[in-house]
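What follows is one structure encoded as structure tokens, with my remarks underneath.
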């Protein structure tokens with residue numbers, strides 16, 4: 468049970484990291500678009 472919980476936490480943080488990266492890239496692209 469503990470191992471499963473740890474696995475879920477790992478997956479969740481990995482997902483959060485991915486969405487955060489996507490968000491940062493999105494914001495970077497948006498500011499890039501408005502400059503040109």
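In the working numbering, the protein residues as written are 468 to 503. Beta carbons: idealized from backbone N, C-alpha and C, even for Gly. Owing to the predicted nature of the structure, the values given are computational and were not obtained by experimental measurement.
A direct Cα-to-Cα measurement between residue 471 and residue 487 gives close to 24 Å.
Rounded to the nearest whole angstrom, the CA to CA distance from residue 499 to residue 474 is 37 Å.
Exclusion of the five residues before and after residue 477 leaves no residue of its chain whose Cβ lies closer than 6 Å to its Cβ.
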